[in-house]
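Heads up: the sequence shown begins at 1 in my numbering, then just goes up one per residue. From the three backbone atoms N, C-alpha and C, an ideal C-beta is built for every residue, glycine too. Below you'll find the structure, written out as structure tokens, and then a few comments.
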Amino acid sequence: MAYKFVDNYREKGARKQLVKFLKEVRKIGDQRVLDAIAKVPRHYFFDETFWIQAYRDIAFPIGDGQTISQPYTVAYQTELLHIQKKDRVLEIGTGSGYQTCILLELGAEVFTIERQVKLYERTIKVLPHMGYNAHFFCGDGSNGIPEHAPYDKILVTAGAPFIPEILLKQLKIGGLLVIPVGDEKSQLMTTILRVAENDYEKVSLDTFRFVPLVGDQAW
Numbered sequence: 001m002a003y004k005f006v007d008n009y010r011e012k013g014a015r016k017q018l019v020k021f022l023k024e025v026r027k028i029g030d031q032r033v034l035d036a037i038a039k040v041p042r043h044y045f046f047d048e049t050f051w052i053q054a055y056r057d058i059a060f061p062i063g064d065g066q067t068i069s070q071p072y073t074v075a076y077q078t079e080l081l082h083i084q085k086k087d088r089v090l091e092i093g094t095g096s097g098y099q100t101c102i103l104l105e106l107g108a109e110v111f112t113i114e115r116q117v118k119l120y121e122r123t124i125k126v127l128p129h130m131g132y133n134a135h136f137f138c139g140d141g142s143n144g145i146p147e148h149a150p151y152d153k154i155l156v157t158a159g160a161p162f163i164p165e166i167l168l169k170q171l172k173i174g175g176l177l178v179i180p181v182g183d184e185k186s187q188l189m190t191t192i193l194r195v196a197e198n199d200y201e202k203v204s205l206d207t208f209r210f211v212p213l214v215g216d217q218a219w
């Protein structure tokens with residue numbers, strides 16, 4: 001399959017407007033996150049027929065029952081992570097790879113896992129072609145990737161029924177997990193800071209709706 005990448009004036013202008021919207025209306029305050037969104041061409045993750053949809057603040061189907069997340073959701077979760085350069089980040093749910101690119105733009109070393117084989121096969125071709133290099137895995141993300149733990153940050157991009165204990169154990173002391181937790185209709189964005197070996201601080205935030213996290217430690 002040949003991938004066509006075009007980043008012309010129209011798309012750049014639309015991306016600039018999206019960043020302005022996220023800052024002024026959605027109140028995303030981390031300038032580094034906004035700069036990363038300004039750099040990553042979101043329309044690359046859409047069929048050319050739907051490029052007009054790429055810079056709207058909406059989620060969009062990408063096949064296999066999955067979606068590319070709403071830009072606000074990507075910005076919101078990324079802002080919560082407080083990514084620092086060279087952070088080791090586990091991303092559960094590669095999906096289209098758009099969130100992966102945002103993390104890479106922030107200087108993270110990203111370990112990303114996707115259970116849908118077709119999506120995995122696409123991202124391992126598309127992202128390197130775009131100049132983005134992560135550690136790609138195909139499998140059950142609810143179990144994390146213990147062989148490469150511990151991680152500074154863990155990001156879950158699907159709705160979980162509970163916080164998997166196995167993921168908590170893959171955080172470094174001082175590490176942070178961001179995960180939406182709830183039922184299949186809505187979830188509360190939740191952050192968990194590992195403050196000691198068996199001590200965690202949990203904060204529940206705003207309500208979102210994600211596709212379900214499926215696996216041994218999920219639905």
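{"Item": "Neighbour-count burial assignment, Val178, 16 or more Cβ in a 10 Å radius", "Value": "buried"}
{"Item": "Length of the line joining the Cα atoms of Pro180 and Val203", "Value": "11 Å"}
{"Item": "Residues sharing a beta bridge with Gln66, DSSP", "Value": "Gly63"}
{"Item": "Within 9 Å, strictly: CB atoms of Lys153 and Arg88", "Value": "yes"}
{"Item": "Close-in-space but distant-in-sequence residues of the same chain around Ala196 (CB under 8 Å, 5 per side omitted)", "Value": "Ile173"}
{"Item": "Cβ pair Phe137, Thr157 closer than 9 Å", "Value": "no"}
{"Item": "Rounded Cβ spacing between Tyr98 and Val74 (contact assumed at less than 8 Å)", "Value": "7 Å"}
{"Item": "Thr49 to Glu109 span [Cα, whole Å]", "Value": "33 Å"}
{"Item": "Rounded separation between Pro212 and Gln17 - CA only", "Value": "30 Å"}
{"Item": "Tyr55, enclosing beta strand (DSSP E) - first and last residue", "Value": "That residue, Tyr55, is in no beta strand (DSSP E); it is neither H nor E in DSSP."}
{"Item": "Supposed contact pair Val40 and Ile83 - C-beta distance, whole angstroms, cut 8 Å", "Value": "Between Val40 and Ile83 the Cβ distance is about 14 Å, and since that is not below 8 Å, they are no contact."}
{"Item": "Cross-strand partners of Gly95 (DSSP beta bridge)", "Value": "Note: Gly95 sits in no beta bridge, so no partner."}
{"Item": "Option nearest Ser186 by Cα separation, candidates Leu167, Tyr200, Phe162", "Value": "Phe162"}
{"Item": "Supposed close pair Ser142, Gly65 - CB separation, criterion 8 Å", "Value": "Not a contact, Cβ separation roughly 16 Å."}
{"Item": "Which residues DSSP lists as bridging Arg194, in chain order", "Value": "Tyr200"}
{"Item": "Beta-carbon separation (whole angstroms), Leu106 vs Ala54, contact threshold 8 Å", "Value": "With 8 Å as the limit, Leu106 and Ala54 do not qualify as a contact, their Cβ atoms being about 21 Å apart."}
{"Item": "Host alpha helix (DSSP H) of Glu165 (start-end)", "Value": "165 to 168"}
{"Item": "Rounded Cβ spacing between Leu168 and Arg194 (contact assumed at less than 8 Å)", "Value": "7 Å"}
{"Item": "Straight-line Cα distance separating Leu155 from Cys198", "Value": "According to the sequence shown, residue 198 is Asn rather than Cys. In a straight line, the C-alpha of Asn198 is about 20 Å away from that of Leu155."}
{"Item": "DSSP state of Pro41 mapped onto helix, strand, coil", "Value": "coil"}
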